[in-house]
Structures are given as structure tokens and as C-alpha cells.
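Q:
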Amino acid sequence: MLTGKQKRYLRSLAHNIDPIFQIGKAGINENMVSQIDDTLETRELIKIHVLQNNFDDKKELATTLSEATNSDIVQIIGSMIVIYRESEDNKQITLP
Numbered sequence: 001m002l003t004g005k006q007k008r009y010l011r012s013l014a015h016n017i018d019p020i021f022q023i024g025k026a027g028i029n030e031n032m033v034s035q036i037d038d039t040l041e042t043r044e045l046i047k048i049h050v051l052q053n054n055f056d057d058k059k060e061l062a063t064t065l066s067e068a069t070n071s072d073i074v075q076i077i078g079s080m081i082v083i084y085r086e087s088e089d090n091k092q093i094t095l096p
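Numbering (the UniProt record's numbering), first residue to last: 1 to 96.
(1) Taking the straight line between their C-alpha atoms, what separation do you get for residue 30 and residue 60?
(2) Report the three-state DSSP secondary structure of residue 45 (helix, strand or coil).
(3) May I ask which residues mark the beginning and end of the beta strand (DSSP E) holding residue 92?
(4) Hey, could you find the ends of the beta strand (DSSP E) residue 107 is sitting in?
(5) Give the DSSP-derived three-state secondary structure of residue 73 in the structure shown.
Dropping the structure here:
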């Protein structure tokens with residue numbers, strides 16, 4: 001679990017990142033979860049854009065993704081979800 005200080009630090013890093021994935025009206029599927037899982041291993045911090053045609057609750061989507069990929073939710077702002085998971089082999093981010 002991340003502390004407030006760590007979340008603030010990750011939010012500042014996420015500010016300059018472009019979203020890598022988009023969740024459309026189809027929602028979240030197994031393939032997307034495995035791709036996000038792989039990307040988290042290489043990048044640690046990713047942004048996901050929830051498209052306007054998806055009417056699911058963003059908090060629920062973020063929670064589902066977080067549980068499926070064993071990651072932490074850093075921020076949900078507007079239509080963006082930011083998640084983080086420490087990489088096992090490719091550690092780049094050092095948390096305060």
C-alpha cells in the first residue's frame with residue numbers, strides 16, 4: 001500500500017506520461033489485463049484513459065484493474081486512471 005507522500009511523488013511523475021491504454025465500451029477483458037500486467041513490469045507507472053463511451057464507474061474499473069494486476073491505484077482524475085506496481089526485474093522508480 002502506498003503512503004500519501006509516495007502517491008504525491010508518483011502523481012508528479014505521471015503528469016508527463018501519455019496514456020498507453022484505453023478502456024472503451026467493451027470494458028476490461030483478459031487480453032487487456034495481461035497487456036497492462038506486462039507493461040507495468042517494464043514501466044511501473046502507467047496511465048489509462050477511459051473513453052466517453054464507457055459508462056462504468058471509474059473507481060470500479062480502477063479497482064478491478066488494480067486487483068487483476070496486483071498494482072496500486074495512484075490517482076483517478078477525470079477520465080484518467082494512474083496505476084503503479086514495483087517492477088521485479090526492471091526497477092526504475094525509487095519511492096520516497
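Virtual Cβ for every residue (Gly too), placed ideally from N, Cα, C.
All of these numbers come straight from a predicted model, not from anything done at the bench.
A: With the structure as the only source:
(1) 16 Å
(2) strand
(3) Counting along the chain, residue 92 falls outside any beta strand (DSSP E), and DSSP gives it neither H nor E.
(4) In the structure as shown, the chain starts at 1 and stops at 96, and residue 107 therefore has no counterpart that could be examined.
(5) strand
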